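Report on the following structure.
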Amino acid sequence: MKISISAITLAAALAIGLASPGSAHQETAGKLKIGHPWIREAAAGAPSTYACIIEIENGGDEPETLLGATVNGAGTGVLYQIIEKDGHFSSKIAEHGLLIKPHGSIELPADKYQFKFGKITKALIADSMVDGTLVFEKLHSVPIHFMVEQDDTAPKEHAAPEAGR
Ligand SMILES: [Cu+2]
Numbered sequence: 012m013k014i015s016i017s018a019i020t021l022a023a024a025l026a027i028g029l030a031s032p033g034s035a036h037q038e039t040a041g042k043l044k045i046g047h048p049w050i051r052e053a054a055a056g057a058p059s060t061y062a063c064i065i066e067i068e069n070g071g072d073e074p075e076t077l078l079g080a081t082v083n084g085a086g087t088g089v090l091y092q093i094i095e096k097d098g099h100f101s102s103k104i105a106e107h108g109l110l111i112k113p114h115g116s117i118e119l120p121a122d123k124y125q126f127k128f129g130k131i132t133k134a135l136i137a138d139s140m141v142d143g144t145l146v147f148e149k150l151h152s153v154p155i156h157f158m159v160e161q162d163d164t165a166p167k168e169h170a171a172p173e174a175g176r
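For the sequence shown, the numbering used here begins at 12 and goes up steadily by one.
Structure (structure tokens):
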């Protein structure tokens, strides 16, 4: 059996990246462990940005539902699900939020789920931390910190179905 060296190297690099101080933080809210909430850098006046979360683990015996987020300088973020169809990406509001089962976990990578924010009033500068909240069904509003990151992992979305292609 052949072992792929590149796959192992990548896994090691990711593990080191996540473990190094400053690159990933964890927040706690009740029985929830919130791993590395982050928001894409944006200039003051920018029309939009988005925030994601590496993982939320529910260590409790009750389900919880993630509903929304706020970030200082970016206002209220709306939870969207990114949808891929035939290689084209679009998004729709996750109306009922995201369920986190008891002893389960969810991930919000930029190609699956995003909190989308409107007009940015205060610059979000890469590698800094910014105050915000996550809004849950039961815990309600929980203060957390988002790390500001450069990011290009969000798929390019098509605003409307394309014609004639
Ligand atoms: Cu972090």
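All C-beta atoms, glycine included, are put in the ideal place defined by N, C-alpha and C.
Model, not experiment: these values are computed from the prediction.
- One thing to note: K44 has its Cβ within 8 Å of the Cβ of E68.
- With the rule of 3 Cβ pairs closer than 8 Å, the region 91 to 98 counts as touching the region 115 to 130.
- Across the set A54, G79, A57, the C-alpha of G79 shows the shortest separation from the C-alpha of C63.
- L110 sits exposed, since fewer than 16 C-beta atoms from the chains shown fall within 10 Å of its C-beta.
- In this model, H107 and H156 are separated by some 24 Å (Cα to Cα).
- Per the C-alpha coordinates, the member of K167, M140, H169 positioned closest to G84 is M140.
- Between E160 and W49, the C-beta gap is smaller than 8 Å, which places the two residues in contact.
- Between ligand 1 and the CB of H36, the shortest heavy atom gap is smaller than 7 Å.
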